[in-house]
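In my numbering, the protein residues as written are 1 to 521.
In structure tokens, the structure reads:
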């Protein structure tokens, strides 16, 4: 079943459309007949209005009703394709199966209804011309006075209620791809202006001129003058009513799509990229709607790519690449490097199935990454079971980077206890990790080639953090830190650290003074 339109809703739209078409034409025909038969003729006696024979009124009403039913029949025959497809689409048939003829008929339906109405008014002009013995003048009066305005009202009124059916046939919003006749926004406004502004003024002018000419030769000037008052009053009242209806319908046909577009843009501004507009016209507003949907689709794809990018590199690196490009090179900065590694991971990987091992590693890394980010650290890379994080790099500058790193390392140990508690419940191996901290100069920037680059930090400080992590197992310590890191952090946070004897570190010419980190105070 369609989630756009139901059978009951479609039947309701059909009934409303029929009431609009028949009601507008019938009312317009009665008003036009009354005006042309009673008001417009110049009085010949003392009465300001013409006395129309009873039989003439009956014949006229019968003719009007006959023409209405004839128009309804012709309109039904004109649209051969879409009615059966409405039922099929509501029942769940794919839109791709709908033939182009049916989709064109759906878009052109309001215009086809108005055209049939227009044609019936043309036929009515001939009828009244014969009945009232006015020849072509009566034809022009009937066709021009009633036909144009009534058909325009029918067009815009049917168009306003028909739009949900258009949504059913064009859920993708591509209303401009089927080659249907289109009524542009420009010509809607022009038509509305002519019918609301120019048309009544022209009719009033013609009426005034005809009465002025009659007054020059009239034997009954008082009756003609009174007739003029009545004619002007009738024209003004009908013009005001029809003008208000037309102006309202024309404005709604333009404003409603714009209001939906405005609401959708507001949702996009709030980062809701699941919004999609249903196009119901193939004019400029249809193009705008289609373009908006394509724009949102592009934004949605870009958001997916950005989220994927943030998964493969840190958000800071992603933002830097988007803002300043990916130029190779780096800069020398003072920062603190944190290096962590799971002890005994190689033997652990031999004992566990790959799927279970990956699940364990992902759950562990998720906890550690959260701790690093919570302390304003930059997760630079993963190396299997190892993690390299940087504090105070150009992408996350901080004067207290040493304190941030020590706090993160101690909190990682605390988070590991919670992780191991979960592992115990799962009857899975518990983990032990070692963490090395070092502060000093590093080169931070993009490294690689034109086809593949990586943002990283390089230098002796990085190597020292990795070596200290290696020593944690040998010294039976969880977190080892260089003396420089401890000295810098002491200015920004209280903690407990145990000084150890200087130790030989591979790659260093002299023993390195280190500390075992115990806890925060």
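Heads up, the beta-carbon is just placed ideally off N, CA and C, and yes, glycines get one too.
Bear in mind the structure is a predicted one, so any value in this text is a computation, not a measurement.
{"query": "Based on Cα-Cα distance, which residue from 353, 14, 339 lies nearest to residue 164?", "result": "14"}
{"query": "By DSSP's criteria, residue 455 is part of a beta bridge. Which residues make up the other side?", "result": "446"}
{"query": "Please state if the CB of residue 226 and the CB of residue 169 are separated by a distance shorter than 8 angstroms.", "result": "no"}
{"query": "Give the straight-line distance between the Cα atoms of residue 282 and residue 29, rounded to the nearest whole angstrom.", "result": "31 angstroms"}
{"query": "Between which two residues does the alpha helix (DSSP H) containing residue 355 stretch?", "result": "354 to 374"}
{"query": "By how many angstroms is the C-alpha of residue 470 removed from the C-alpha of residue 500?", "result": "16 angstroms"}
{"query": "Less than 6 angstroms between C-beta atoms, sequence neighbours within five positions excluded: which residues of the same chain meet that for residue 104?", "result": "178, 180"}
{"query": "Considering just the uninterrupted stretch of the beta strand (DSSP E) at residue 390, what are its terminal residues?", "result": "386 to 391"}
{"query": "Which class does residue 490 belong to by DSSP, given the choice of helix, strand or coil?", "result": "coil"}
{"query": "Distance, Cα to Cα, residue 569 vs residue 354?", "result": "Because the chain in this structure spans residues 1 to 521, residue 569 falls outside the shown range and cannot be described."}
{"query": "How do the stretch 355 to 362 and the stretch 481 to 492 stand: do at least 3 beta-carbon pairs fall below 8 angstroms, yes or no?", "result": "no"}
{"query": "Would you identify the three-state DSSP class for residue 281, choosing helix, strand or coil?", "result": "coil"}
{"query": "Please classify residue 350: does DSSP put it in a helix, a strand, or coil?", "result": "helix"}
{"query": "Three Cβ pairs or more, each shorter than 8 angstroms: is that satisfied between the stretch 281 to 296 and the stretch 227 to 241?", "result": "no"}
{"query": "Any chance you could list the alpha helix (DSSP H) runs of at least 4 consecutive residues sitting entirely within the stretch 141 to 217, in chain order?", "result": "148 to 169, 185 to 193, 199 to 216"}
{"query": "Using only the alpha-carbon positions, how far apart do residue 332 and residue 400 sit?", "result": "18 angstroms"}
{"query": "Nearest-angstrom Cα distance between residue 372 and residue 479?", "result": "15 angstroms"}
{"query": "My output table needs one value for residue 93: the three-state DSSP class, helix, strand or coil.", "result": "coil"}
{"query": "Counting Cβ pairs closer than 8 angstroms, one from the stretch 287 to 307 and one from the stretch 180 to 198, do we hit at least three?", "result": "no"}
{"query": "Evaluate the contact criterion for the stretch 460 to 474 versus the stretch 339 to 356: three or more CB pairs, one atom per stretch, below 8 angstroms.", "result": "yes"}
{"query": "How far does the alpha helix (DSSP H) with residue 236 in it reach, from first residue to last?", "result": "221 to 269"}
{"query": "Pick from 100, 364, 440: whose alpha carbon is nearest that of residue 174?", "result": "100"}
{"query": "Mapping the DSSP letters down to three states, classify residue 377 as helix, strand or coil.", "result": "coil"}
{"query": "Does DSSP put residue 498 in a helix, in a strand, or in coil?", "result": "strand"}
{"query": "The beta strand (DSSP E) spanning residue 503 covers which residue range?", "result": "Here residue 503 belongs to no beta strand (DSSP E), and DSSP marks it neither H nor E."}
{"query": "For residue 465, I'd like the list of residues in its chain whose CB is within less than 7 angstroms of its CB, leaving aside the five on either flank, ordered along the chain.", "result": "337, 338, 339, 436, 437, 438"}
{"query": "Given a threshold of 16 other Cβ atoms within 10 Å of its Cβ, counted over all protein chains shown, does residue 248 qualify as buried or as exposed?", "result": "exposed"}
{"query": "So, residue 4 versus residue 161, is the Cβ gap smaller than 8 angstroms?", "result": "no"}
{"query": "When burial is assigned at 16 or more other CB atoms within 10 Å of the CB, is residue 488 buried or exposed?", "result": "buried"}
{"query": "Do you know offhand how far residue 515's Cα is from residue 492's?", "result": "17 angstroms"}
{"query": "Buried or exposed for residue 40, going by 16 or more other Cβ atoms inside 10 Å?", "result": "buried"}
{"query": "What distance in whole Å lies between the Cβ atoms of residue 113 and residue 207, which are believed to be in contact at a cut-off of 8 angstroms?", "result": "Not quite, the Cβ-Cβ distance comes to about 31 angstroms (not below 8 angstroms), so this is no contact."}
{"query": "If contacts are defined as beta-carbon pairs under 8 angstroms, then residue 393 and residue 444 qualify, I think. What distance do you get, rounded to the angstrom?", "result": "5 angstroms"}
{"query": "Out of curiosity, what's the CA-to-CA distance linking residue 26 and residue 153?", "result": "13 angstroms"}
{"query": "For residue 328, does the three-state DSSP call read helix, strand or coil?", "result": "Confidence is the limiting factor: at residue 328 the pLDDT is only 48, short of 50, which leaves the residue's position unreliable and the question unanswerable from this model."}
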